[in-house]
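Visitor: Pasting in a structure now, in structure tokens, and then I'll have a few things to ask.
Residue numbers (the numbering used here), protein chains in the order written: chain A, 1215 to 1444; chain P, 1215 to 1444.
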């Protein structure tokens, strides 16, 4: 059966940038599954698969449609149990939810304060108005004002990575010696930044940068195939 | 074989308060293993078991000695594979290290700023001088100064719990429907606070408080047996 992954893109359809879509892209590669990518801009998502979902990623596997990155990982783990595991057992599945929660509540809000204007700028013109209006309403300020002091926000962001950094002093991946979906989750956040923005905030000597580089090289360099924003 | 758990106490030997010792206490109960507790004050630790370790917890299982809470959990998981699992598989073991890292780097430093003087005050007199000297040297200030603005530190601490709080909106325990060692890890931090200090900082309506209460009732109320500091 053919697998299709619907991914979010901006002006350049060869540069998917959604953190959640990247999680699934790596998860599919981790499982060794072939898939084709189908891309959509923000305002095209509601029409995908007859309105199946308001969000991407959407995975279509034969007749099965699944939306939401963790739900897709759950689906893949169940549907392809003989492929390499994304969770390493039930405990790993439950604790991957904590990693997701940490990533969503710690990394994503902090990265948004660095990136949101750059994300806007890489969108297709037809998506920019929607993005600006919806985000400015949610943020209560202009995109420009929201990122105005981003240089000053780098240091507290780097400090917030300390739980990850300390872990990586002990093991190569969140999953231990080898990556699991928990790595894909956190990778997605940093790949979002790398693809959508030329703002570089992670010092090369940071163990988190070394881990991210390892993740970029996984699965025949799946993450590295899309060059960093220039 | 008889199991002995060496635990840290203050003046009152019936009130173990070390977060790391509590992790192991719950882990032993989770495994359904009988054990006896042996207690020591800070300055008595180096003499335990002929200087086997500078830290507690120390577990003695027959002729085997293991120190460090995670090493003990690893040992118990390997030595008692037929008992309920502490990790739920290899993925859970690896990701429990992330939970430990988050707890150590986020919760512990913040709790120390709320509690360190209260911890001092509950120690035996023979330990107080050691504790004050070593901690004040490490902190670069007096214990009193370190906690002076603790009321103002509660709000940022509660905010730092957001990854845990968001997770608990989805599942009853870090381990999912049932607790794992990851729960014991985070429980240890809050039990440290509950036993050593009467300073209450967690609003009753916080989902984290509800989870902590569930943990206190686990294993026939093992955590609740020691009353909260008055």
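Every residue, glycine too, gets a C-beta built ideally from N, C-alpha and C. Note that this is a predicted model, so its numbers are computed, not measured.
Under DSSP, the alpha helix (DSSP H) around residue 1439 of chain A begins and ends at which residues?
Guide: In the first chain, residue 1439 of chain A corresponds to position 225, counting from 1. Premise fails: residue 1439 of chain A is in no alpha helix (DSSP H) and is neither H nor E.
Visitor: Going along chain P in order, which residues have a C-beta closer than 9 Å to the C-beta of residue 1396 of chain A?
Guide: The residue labelled residue 1396 of chain A in the question sits at position 182 within the first chain. By Cβ distance, chain P contributes 1305, 1308, 1309, 1312.
Visitor: Would you call the CB atoms of residue 1232 of chain A and residue 1332 of chain A closer than 8 Å?
Guide: Numbered from its first residue, the first chain carries residue 1232 of chain A at position 18. Numbered from its first residue, the first chain carries residue 1332 of chain A at position 118. Not closer than 8 Å, so no.
Visitor: Using a Cβ-Cβ cut-off of 6 Å (strictly less than) and excluding sequence neighbours within five positions of residue 1353 of chain A, which residues of its own chain qualify?
Guide: By 1-based counting over the first chain, the position of residue 1353 of chain A is 139. Contacts found: 1360.
Visitor: Look up residue 1221 of chain P in the DSSP assignment and say whether it is helix, strand or coil.
Guide: On the second chain, residue 1221 of chain P is found 7 positions in, with the first residue counted as 1. Strand, per DSSP.
Visitor: Is it true that the region 1300 to 1317 of chain P meets the region 1389 to 1397 of chain P, where meeting means three or more beta-carbon pairs spaced less than 8 Å apart?
Guide: yes
Visitor: What residues match up with residue 1274 of chain A in a beta bridge as DSSP calls it?
Guide: Within the first chain, numbered from 1, the residue matching residue 1274 of chain A stands at position 60. Per DSSP, A/1218, A/1279.
Visitor: Going by DSSP in three states, residue 1431 of chain A sits in which element: helix, strand or coil?
Guide: Stepping through the first chain from its first residue, residue 1431 of chain A is reached at position 217. Of the three classes helix, strand and coil, the one that applies to residue 1431 of chain A here is helix, per DSSP.
Visitor: Between A/1281, A/1329, A/1311, which has its C-alpha nearest residue 1364 of chain A's C-alpha?
Guide: Here residue 1364 of chain A refers to the residue found at position 150 of the first chain. Here the closest residue by C-alpha is A/1329.
Visitor: Between the alpha carbons of residue 1347 of chain A and residue 1268 of chain A, how many angstroms are there, rounded?
Guide: For the purposes of this step, residue 1347 of chain A is taken as residue 133 along the first chain, with counting starting at 1. For the purposes of this step, residue 1268 of chain A is taken as residue 54 along the first chain, with counting starting at 1. Going by the C-alpha atoms only, they are around 17 Å apart.
Visitor: Could you compute how far the alpha carbon of residue 1253 of chain P sits from the alpha carbon of residue 1270 of chain P?
Guide: Position 39 of the second chain, counted from the start, is the residue given in the question as residue 1253 of chain P. Position 56 of the second chain, counted from the start, is the residue given in the question as residue 1270 of chain P. Going by the C-alpha atoms only, they are around 10 Å apart.
Visitor: Determine the direct distance from the alpha carbon of residue 1340 of chain A to that of residue 1313 of chain P, and round the result to whole angstroms.
Guide: As a working mapping, residue 1313 of chain P is identified with position 99 in the second chain. As a working mapping, residue 1340 of chain A is identified with position 126 in the first chain. Each residue's CA atom was taken as its position, placing residue 1313 of chain P and residue 1340 of chain A some 42 Å apart.
Visitor: For residue 1402 of chain A, which residues of its own chain have a beta-carbon under 7 Å away from its beta-carbon, when the five flanking residues on both sides are left out?
Guide: Within the first chain, the letter at position 188 stands for residue 1402 of chain A. Sequence-distant partners of residue 1402 of chain A (beyond 5 residues in either direction) whose C-beta falls short of 7 Å from its own C-beta, in its chain, are 1233, 1234, 1236, 1237.
Visitor: Give me the chain P residues within the contact set of residue 1421 of chain A, using Cβ-Cβ distance strictly less than 9 Å, ordered along the chain.
Guide: Taking the first chain and counting its residues from 1, one reaches residue 1421 of chain A at position 207. Under the 9 Å cutoff, chain P gives no residues; its nearest Cβ is about 12 Å from residue 1421 of chain A.
Visitor: Does any residue of chain P bring its CB to less than 8 Å from the CB of residue 1345 of chain A?
Guide: Within the first chain, the letter at position 131 stands for residue 1345 of chain A. Cβ-Cβ to chain P under 8 Å: no for residue 1345 of chain A.
Visitor: I believe residue 1219 of chain P touches residue 1239 of chain P by the beta-carbon criterion, under 8 Å. Please report the beta-carbon distance rounded to the nearest angstrom.
Guide: Translated into positions along the second chain, residue 1219 of chain P becomes position 5. Translated into positions along the second chain, residue 1239 of chain P becomes position 25. Correct: roughly 7 Å between the Cβ atoms.
Visitor: Measure from the alpha carbon of residue 1207 of chain P to the alpha carbon of each residue in P/1323, P/1259, P/1338, then state which is nearest.
Guide: Nothing can be reported for residue 1207 of chain P, as the shown portion of chain P is limited to 1215 through 1444.
Visitor: Are the CB atoms of residue 1286 of chain A and residue 1273 of chain A within a distance shorter than 8 Å?
Guide: Stepping through the first chain from its first residue, residue 1273 of chain A is reached at position 59. Stepping through the first chain from its first residue, residue 1286 of chain A is reached at position 72. Yes; because the gap between Cβ atoms is below 8 Å, this pair is in contact.
Visitor: Along the beta strand (DSSP E) that carries residue 1250 of chain P, what are the first and last residues, could you check?
Guide: Along the second chain, one-based indexing puts residue 1250 of chain P at 36. Looking at the DSSP string, the run of the beta strand (DSSP E) that includes residue 1250 of chain P is 1250 to 1254.
Visitor: Would you be able to state if there are at least three C-beta pairs under 8 Å between the region 1369 to 1376 of chain A and the region 1282 to 1298 of chain A?
Guide: With the cut-off at 8 Å, the region 1282 to 1298 of chain A and the region 1369 to 1376 of chain A do not touch.
Visitor: Using a 10 Å radius around the Cβ and a threshold of 16 neighbouring Cβ atoms, would you call residue 1298 of chain P buried or exposed?
Guide: Translated into the one-based positions of the second chain, residue 1298 of chain P becomes position 84. With fewer than 16 other Cβ atoms within 10 Å, it is exposed.
Visitor: Answer yes or no: does any C-beta atom of chain A fall closer than 8 Å to that of residue 1381 of chain P?
Guide: The sequence position of residue 1381 of chain P within the second chain is 167, counting from 1. True, the Cβ-Cβ gap to chain A drops below 8 Å.
Visitor: Report buried or exposed for residue 1275 of chain P, applying the criterion of at least 16 other Cβ atoms within 10 angstroms of its Cβ.
Guide: Locating residue 1275 of chain P in the second chain gives position 61, counting from the first residue. Answer is buried; the Cβ neighbour count reaches 16.
Visitor: Taking 8 Å as the limit between beta carbons, can you name the residues of its chain near residue 1370 of chain P, skipping five residues before and five after?
Guide: The residue given as residue 1370 of chain P occupies position 156 in the second chain. Hits under 8 Å: 1324.
Visitor: Grab me the residues of residue 1366 of chain P's own chain with a C-beta within less than 8 Å of its C-beta, minus the 5 sequence neighbours each way, in chain order.
Guide: For this step, residue 1366 of chain P is matched to residue 152 along the second chain. Cβ-Cβ distances below 8 Å link residue 1366 of chain P to nothing in the same chain once the five nearest sequence neighbours on each side are left out.
Visitor: Starting from residue 1319 of chain A, find everything on chain P with Cβ-Cβ shorter than 8 Å and list it in chain order.
Guide: Position 105 of the first chain holds residue 1319 of chain A. Chain P residues near residue 1319 of chain A: 1376, 1377, 1380.
Visitor: Suppose the cutoff is 8 Å on Cβ atoms and the five residues either side in sequence are ignored; what does the same chain contact list for residue 1414 of chain A look like?
Guide: Working through the first chain from its first residue, we reach residue 1414 of chain A at position 200. Residues of the same chain with a CB within less than 8 Å of the CB of residue 1414 of chain A, apart from the 5 flanking positions on each side, do not exist.
Visitor: Taking the alpha helix (DSSP H) that residue 1377 of chain A falls in, what are its first and last residues?
Guide: For the purposes of this step, residue 1377 of chain A is taken as the residue at position 163 of the first chain. That run of the alpha helix (DSSP H) goes 1376 to 1382.
Visitor: Tell me residue 1387 of chain A's beta-bridge partners as DSSP assigns them.
Guide: Against the first chain, residue 1387 of chain A aligns to sequence position 173. Paired residues: A/1390.
Visitor: Is residue 1344 of chain P helix, strand or coil when you go by DSSP?
Guide: Position 130 of the second chain, counting from 1, holds the residue named residue 1344 of chain P. DSSP places residue 1344 of chain P in helix when its eight states are reduced to three.
Visitor: Since I believe residue 1327 of chain A is in contact with residue 1380 of chain P (beta carbons under 8 Å), could you give me their beta-carbon distance rounded to a whole number of angstroms?
Guide: Translated into positions along the second chain, residue 1380 of chain P becomes position 166. Translated into positions along the first chain, residue 1327 of chain A becomes position 113. The pair is not a contact, with the Cβ atoms about 19 Å apart (cut-off 8 Å).
Visitor: Does DSSP put residue 1289 of chain A in a helix, in a strand, or in coil?
Guide: Numbered from 1 along the first chain, position 75 holds the residue referred to as residue 1289 of chain A. Here residue 1289 of chain A sits in helix by DSSP.
Visitor: Return the first residue and the last residue of the alpha helix (DSSP H) that residue 1420 of chain A is part of.
Guide: Counting from one through the first chain, the residue named residue 1420 of chain A turns up at place 206. Looking at the DSSP string, residue 1420 of chain A is not in any alpha helix (DSSP H), and its letter there is neither H nor E.
Visitor: Can you tell me whether residue 1224 of chain A is buried or exposed? The criterion is at least 16 other CB atoms within 10 Å of its CB, across all chains shown.
Guide: Looking up residue 1224 of chain A in the first chain gives position 10. Around the beta carbon of residue 1224 of chain A, 16 or more other beta carbons sit within 10 angstroms, so the residue counts as buried.
Visitor: Kindly indicate which three-state DSSP category residue 1320 of chain P falls into: helix, strand or coil?
Guide: The count along the second chain starts at 1 and reaches residue 1320 of chain P at position 106. In this structure, residue 1320 of chain P counts as helix in the three-state DSSP scheme.
Visitor: Would you give the residue range spanned by the alpha helix (DSSP H) that residue 1357 of chain A belongs to?
Guide: The sequence position of residue 1357 of chain A within the first chain is 143, counting from 1. For residue 1357 of chain A, the enclosing alpha helix (DSSP H) begins and ends at 1357 to 1361.
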